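K.L.:
Please see the structure below; I have some questions.
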């Protein structure tokens, strides 16, 4: 049935709450149930095949987009709004977004893997196209004009349908206002021709930025509900330690203390004020057992190599790599490693939980509220239907950081005190207890024939296995409290880009999936793709150097993908790449086109190049890094990155550039500086002094060329340009000083050692 | 014992009642006065997201005890300007779209506004130096520097 009236009062009521909240001046365009709406059995459809799951249009023509994909600070809210406004032909300003509310938004999957536009946007576009088609059909009936003679005109207020030849018109608000579509998503609903786009493809300014610049934006960390208390967690002194005892009298003097909560090894405090909770957590005397289950950091790679392999994933197998390697005229081999990284969100994770009438509502910055709902329900052994998880934008997370864990902490504390509780992690909780990007070890081998052709490539990567059938990282609180939780590791799809884009006759790429890894693993921006590309593209550079070839020309020899070839050629032009044989100091007599200059005294400059086809299936990126290396101090300065990217159709070019700039800058930080440190018991890099990140004087310049293909599918941009950074820098360092950096981070000590050992 | 402490915030005299006069200013601004500009990031003065102005100087409110504020005038991001009446630095940040998640931006704007108050035409190097102790994780550095540069033309 088309345009059925809502048959449930409570849906209208629920919508009413949200609409009221829109009108509050201090609220952002991203709406959420600010009023502290308790969990209700909501009757709005969230089914992925229902138009009403995604879209509603009120009597004034105002459009609400219900998005399962959430804005993690990447500007996705604006981009998805552009897609809806474009496909419906309504003004951008008349579309509002509700994100990641299990009662209101469809389960479009976690916001991860650079899939929000590519997958989430495609679903939303289809919903909008179906809605537009239905609106035109209805208008045809009401106006007595055939649908094919109708056009949608974008007034400043709303979409208006009229005949091409003029005459009567009717607005969306008049056609549907306040009613539901009651339609299934129609895959055949006609999509607008990209050549006619007015909103998609434009650098529309982000709607959230003005309020973020003036303190009017409500981050998760700012979110409050009436009657809310403040909680803090007291984590074990060692990761696997058991709580032997705690001394409640140690905090009895803290004003406003409500309760010390203990459940198994889960320990936390709740107080009337935030400062009271912080002081109580600091003062609480707790006695933990000794635990020294972590490996020695200085022997981390021996530990990884010695870890039991549970299975092998063969990610590509062409020809017969191992015999071909054995028969090659020349063989090269190298081992690469990539340190353990933390997400390092600037704002520690935060959540609010409330349990009322047996129903749980949890506000958090989870990148997957539908999944979090299941995890929280499982933890408390309650039905999913009694849990509502609502997304509120927080500090950027770059993957699965501590947001979900803070949510579980808040839930356990709220249950214990029977009042709403807000938990914000302290800095040491975030650095110490967010799940980590696992250590990655790569063995690479290649064979060359007598003419310098690559005849074999064999790579082996050592990474933790992934539990079958789960997409959720276990919750710290559930594990500590001994409540139901996932038991397996879920590190993300970290075997992507182990396979290579080059057409060698014999290729075998294998991921050895390890039975364990030192820390609870999860995904951090370009998980696996970054590490694997670091090894693959640095090793490609080693092969090019071994045969005296220009690294760009060498890659082109083995690429038969026209879009990839075009990308590399445009990179050569954009970066003013001059043919060079990066032989470094290894062959000082070589007559080459090297343009490397000795800048002055101890400082040498170099350029390095990298190419990726993300997951061998989507976004193409090529990058050239310019570096300065101080031979004496070992310090690397990344001066400049030139990036060319083909992500198909571009929704918002400024948003894409913002992501590329961020990817490069963040990854330069990861590559030059970052490494989680630990002793046998716990993480020891617990703040920004012990886990330093890039500062302003160290930032690179970034120039970007985007290849827009409006008629193609839009591909993800949140990760791919991060994955090219480590190898581009490593290759540039080789170009500068002739040594290979095969271990991230490229600290001055490692650079000095590499130069001394060369 | 609850103590009432007078404060001068964003042009207005106010007071907050606290149990601990040594509580950091940050919590008074956020929890007692409901301000969102200054944000908790590290609690030890390493990241800058809690920055406010005390008598025009940028300070880290997460390590500034309330008892040390005295009669100094406090200005937060909200006091610098509003969406209706933007400070030139805020305006420039919007024009440059200089944010991703934006959590750190409070510190960037407060630090930059203080810089421009004393140095109207800073070089890129001076801008970067002034922001050395303000951390951004999203990698918005390029836009932030561009925004400060743009603001310097309008301050």
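Residue numbers (the working numbering), protein chains in the order written: chain R, 166 to 923; chain E, 26 to 180.
The beta carbon of each residue, even a glycine, is placed where N, CA and C say it ideally should be.
Note that the structure is a prediction, hence the values are computed from the model and not measured.
Considering only their Cβ atoms, is the gap separating residue 408 of chain R from residue 456 of chain R smaller than 8 Å?
P.N.:
Working through the first chain from its first residue, we reach residue 456 of chain R at position 291. Working through the first chain from its first residue, we reach residue 408 of chain R at position 243. Going by C-beta atoms, residue 456 of chain R is not nearer than 8 Å to residue 408 of chain R.
K.L.:
On a CA-only basis, which of R:491, R:860, R:252 and R:789 is nearest residue 619 of chain R? Give me that one, please.
P.N.:
The count along the first chain starts at 1 and reaches residue 619 of chain R at position 454. The option with the nearest alpha carbon to residue 619 of chain R is R:491.
K.L.:
Quick one: what's got a C-beta closer than 6 Å to residue 72 of chain E's C-beta in the same chain, skipping five residues either side?
P.N.:
Position 47 of the second chain, counted from the first residue, corresponds to residue 72 of chain E. Here the set comprises 66 and 160.
K.L.:
Measure the C-alpha to C-alpha separation of residue 258 of chain E and residue 802 of chain R and round it to an integer number of angstroms.
P.N.:
No information on residue 258 of chain E is available, as it lies outside the stretch 26 to 180 that chain E covers here.
K.L.:
Could you tell me the distance, in whole angstroms, from the CA atom of residue 781 of chain R to the CA atom of residue 879 of chain R?
P.N.:
Working through the first chain from its first residue, we reach residue 781 of chain R at position 616. Working through the first chain from its first residue, we reach residue 879 of chain R at position 714. If I take the Cα positions, the gap works out to 15 Å.
K.L.:
Taking all protein chains shown into account, decide if residue 928 of chain R is buried (16 or more other Cβ within 10 angstroms of its Cβ) or exposed.
P.N.:
No statement about residue 928 of chain R is possible, as the shown extent of chain R runs from 166 to 923 and does not include it.
K.L.:
Using only CA atoms, which one of R:366, R:272 and R:474 lies nearest to residue 629 of chain R?
P.N.:
As a position in the first chain, residue 629 of chain R is number 464, starting the count at 1. Closest option to residue 629 of chain R, Cα to Cα, is R:474.
K.L.:
To the nearest angstrom, how far is it from the Cα of residue 132 of chain E to the Cα of residue 898 of chain R?
P.N.:
Your numbering for residue 132 of chain E matches position 107 in the second chain. Your numbering for residue 898 of chain R matches position 733 in the first chain. Their backbone Cα atoms lie some 34 Å apart in a straight line.
K.L.:
Among R:513, R:523 and R:741, whose alpha-carbon lies nearest the alpha-carbon of residue 596 of chain R?
P.N.:
Indexing the first chain from 1 puts residue 596 of chain R at position 431. Residue R:513 is the option with its Cα nearest to residue 596 of chain R.
K.L.:
Does residue 179 of chain E come within less than 8 Å of chain R when only Cβ atoms are used?
P.N.:
Taking the second chain and counting its residues from 1, one reaches residue 179 of chain E at position 154. No, its Cβ sits nowhere closer than 8 Å to a Cβ of chain R.
K.L.:
Per the contact definition of three or more C-beta pairs closer than 8 Å, is the stretch 718-725 of chain R in contact with the stretch 899-918 of chain R?
P.N.:
Contact fails: fewer than three Cβ-Cβ distances are below 8 Å.
K.L.:
Looking only at its own chain, which residues have a Cβ that is under 6 Å from the Cβ of residue 812 of chain R, when we skip the five neighbours before and after it?
P.N.:
To locate residue 812 of chain R, count along the first chain from 1; it is residue 647. Correct list, in chain order: 784, 880 and 882.
K.L.:
Going by C-alpha distance, which of R:852, R:536, R:707 and R:237 is nearest residue 498 of chain R?
P.N.:
Reading the first chain from its first residue, position 333 is the one you call residue 498 of chain R. Comparing Cα positions, the closest option is R:707.
K.L.:
Does any CB atom of chain E fall closer than 8 Å to the CB of residue 501 of chain R?
P.N.:
As a first step, residue 501 of chain R is located in the first chain; it is residue number 336 there, counting from the start. No, because no Cβ of chain E sits closer than 8 Å to the Cβ of residue 501 of chain R.
K.L.:
Bridge partners for residue 607 of chain R per DSSP, in chain order?
P.N.:
Counting from 1 along the first chain, the entry for residue 607 of chain R is found at position 442. According to DSSP, residue 607 of chain R bridges with R:501 and R:626.
K.L.:
Looking only at C-alpha atoms, which of R:601, R:228 and R:555 sits nearest to residue 265 of chain R?
P.N.:
Taking the first residue of the first chain as 1, we reach residue 265 of chain R at position 100. Comparing Cα positions, the closest option is R:555.
K.L.:
Per DSSP, what kind of secondary structure is residue 77 of chain E in: helix, strand or coil?
P.N.:
One-based indexing of the second chain puts residue 77 of chain E at position 52. It is a strand residue.
K.L.:
Measure the alpha-carbon distance for residue 376 of chain R versus residue 510 of chain R and round it to whole angstroms.
P.N.:
The residue you call residue 376 of chain R lines up with position 211 of the first chain. The residue you call residue 510 of chain R lines up with position 345 of the first chain. Distance between the alpha carbons of residue 376 of chain R and residue 510 of chain R: 20 Å.
K.L.:
I'd like to know whether the C-beta atoms of residue 153 of chain E and residue 862 of chain R end up nearer to each other than 8 Å.
P.N.:
Residue mapping note: residue 153 of chain E aligns to position 128 of the second chain, counting from 1. Residue mapping note: residue 862 of chain R aligns to position 697 of the first chain, counting from 1. Yes, the pair counts as a contact, with Cβ atoms nearer than the cut-off.
K.L.:
For chain E, find out if any of its Cβ atoms is closer than 8 Å to the Cβ of residue 854 of chain R; answer yes or no.
P.N.:
Looking up residue 854 of chain R in the first chain gives position 689. With 8 Å as the cut-off, residue 854 of chain R counts as an interface residue toward chain E.
K.L.:
Residues bridged to residue 453 of chain R by DSSP?
P.N.:
Translated into the one-based positions of the first chain, residue 453 of chain R becomes position 288. Per DSSP, R:408.
K.L.:
Go ahead and pull the three-state DSSP assignment for residue 219 of chain R.
P.N.:
Here residue 219 of chain R corresponds to residue number 54 of the first chain, with the count starting at 1. Residue state, collapsed to three classes: helix.
K.L.:
Would you mind telling me which residues of chain R sit closer than 8 Å to residue 131 of chain E, beta carbon to beta carbon, in chain order?
P.N.:
Taking the first residue of the second chain as 1, we reach residue 131 of chain E at position 106. Chain R residues near residue 131 of chain E: 380.
K.L.:
How big is the Cα-Cα spacing for residue 735 of chain R and residue 729 of chain R?
P.N.:
For the purposes of this step, residue 735 of chain R is taken as the residue at position 570 of the first chain. For the purposes of this step, residue 729 of chain R is taken as the residue at position 564 of the first chain. Approximately 10 Å between the Cα atoms of the pair.
K.L.:
Along the stretch 61-94 of chain E, where does the CB come closer than 7 Å to a CB of chain R? Name the residues.
P.N.:
Here the close residues are 61, 62, 64, 65, 66, 67, 68, 69, 71, 72 and 74.
K.L.:
Residues of chain R with CB closer than 8 Å to the CB of residue 134 of chain E, please, in chain order.
P.N.:
Working through the second chain from its first residue, we reach residue 134 of chain E at position 109. By Cβ distance, chain R contributes 378.
K.L.:
Under the DSSP definition of a beta bridge, which residues are partnered with residue 478 of chain R?
P.N.:
Mapped onto the first chain, residue 478 of chain R falls at position 313. R:676, per the DSSP bridge assignment.
K.L.:
If you follow the beta strand (DSSP E) that residue 811 of chain R is part of, which residue opens it and which one closes it?
P.N.:
Sequence index remark: in the first chain, residue 811 of chain R carries index 646 (1-based). It spans 801-811 - the beta strand (DSSP E) in which residue 811 of chain R sits, taken as one unbroken run.
K.L.:
Note down, one range per segment and in chain order, each alpha helix (DSSP H) of at least 4 residues found wholly within the stretch 106-148 of chain E.
P.N.:
The qualifying runs are 113-120 and 130-143.
K.L.:
Please state whether DSSP places residue 148 of chain R in a helix, a strand or coil.
P.N.:
The displayed coordinates of chain R run from 166 to 923. Any statement about residue 148 of chain R would go beyond what the structure contains.
K.L.:
What is the rounded straight-line gap between the Cα of residue 170 of chain E and the Cα of residue 431 of chain R?
P.N.:
Your numbering for residue 170 of chain E matches position 145 in the second chain. Your numbering for residue 431 of chain R matches position 266 in the first chain. Each residue's alpha carbon lies about 44 Å from the other.
K.L.:
Is residue 424 of chain R near residue 435 of chain R, with beta carbons less than 8 Å apart?
P.N.:
As a working mapping, residue 424 of chain R is identified with position 259 in the first chain. As a working mapping, residue 435 of chain R is identified with position 270 in the first chain. The answer is yes: Cβ separation under 8 Å.
K.L.:
Compare the Cα-Cα distances from residue 428 of chain R to each of R:644, R:313 and R:601 and report the closest residue.
P.N.:
By one-based count along the first chain, residue 428 of chain R stands at place 263. Residue R:644 is the option with its Cα nearest to residue 428 of chain R.
K.L.:
Are residue 545 of chain R and residue 627 of chain R touching if we call contact CB-CB under 8 Å?
P.N.:
In the first chain, counting from the first residue as 1, residue 545 of chain R sits at position 380. In the first chain, counting from the first residue as 1, residue 627 of chain R sits at position 462. No; because the gap between Cβ atoms is not below 8 Å, this pair is not in contact.
K.L.:
Quick one: what's got a C-beta closer than 6 Å to residue 639 of chain R's C-beta in the same chain, skipping five residues either side?
P.N.:
Here residue 639 of chain R is taken as the residue at index 474 of the first chain, counted from 1. Result list for residue 639 of chain R: 650 and 651, in chain order.
K.L.:
Out of curiosity, what's the CA-to-CA distance linking residue 753 of chain R and residue 769 of chain R?
P.N.:
Counting from 1 along the first chain, the entry for residue 753 of chain R is found at position 588. Counting from 1 along the first chain, the entry for residue 769 of chain R is found at position 604. Only weak support exists for where residue 753 of chain R lies, its pLDDT of 37 falling under 50; the coordinates are left without a value.
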